[in-house]
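Visitor: Numbering (the working numbering), first residue to last: 1 to 157.
#1: Would you mind reading off the limits of the alpha helix (DSSP H) that contains residue 18?
#2: Just to confirm, is the Cβ distance from residue 2 to residue 41 under 9 angstroms?
#3: Going by Cα to Cα distance, which pick from 71, 7 and 94 is closest to residue 36?
#4: Output the residue ranges of the beta strand (DSSP E) runs that lie fully inside the stretch 21-89 and measure 3 residues or longer, sorted by chain position.
#5: Between which two residues does the alpha helix (DSSP H) carrying residue 14 extend?
#6: Using three-state DSSP, classify residue 3 as helix, strand or coil.
#7: Three or more C-beta pairs under 8 angstroms: does that hold for the stretch 73-89 against the stretch 41-53?
#8: Residue 34 to residue 89, Cα distance in whole Å?
#9: Going by C-alpha distance, which of 87, 93 and 117 is nearest residue 70?
#10: Using the C-alpha atoms, what's the distance from residue 92 back to residue 28?
Next comes the structure, spelled out in structure tokens:
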């Protein structure tokens, strides 16, 4: 709900000829002012995600889930952060470098997430081949060298 309201406020701000006139109007509209302030607080809370990659990429979470971090970060950026900075950059052009930083970091995280997914897929395929190999080897064992398949009661003499 606040997202839609904020988008409408940003759209409305574009209809004013001067920033001064817009600021005066907004200062009188309590609800709109509160929505803008709430989104500003959200942007402040999320600001670490916009830092340069060298700083932003440092892990600060549960180390047991570090391998999942890239995928989690991409989702977080896509579903939470991008909207805030995209709309704020329309609201104030000075925010554009933060949006650019966010999009750069998303690209870096996405690259790492894709690399992790490729490694996991390769491991799954390797595991599946190994299981198939073991199953084929097990199927090939016969009882006492005969044609009957091996069983729990079969003993090799």
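For every residue, glycine included, the Cβ atom is placed at its ideal position computed from N, Cα and C.
Guide: So, from the listed chains and residues:
#1: No alpha helix (DSSP H) holds residue 18; DSSP gives it neither H nor E.
#2: no
#3: 7
#4: none
#5: Premise fails: residue 14 is in no alpha helix (DSSP H) and is neither H nor E.
#6: helix
#7: yes
#8: 18 angstroms
#9: 117
#10: 19 angstroms
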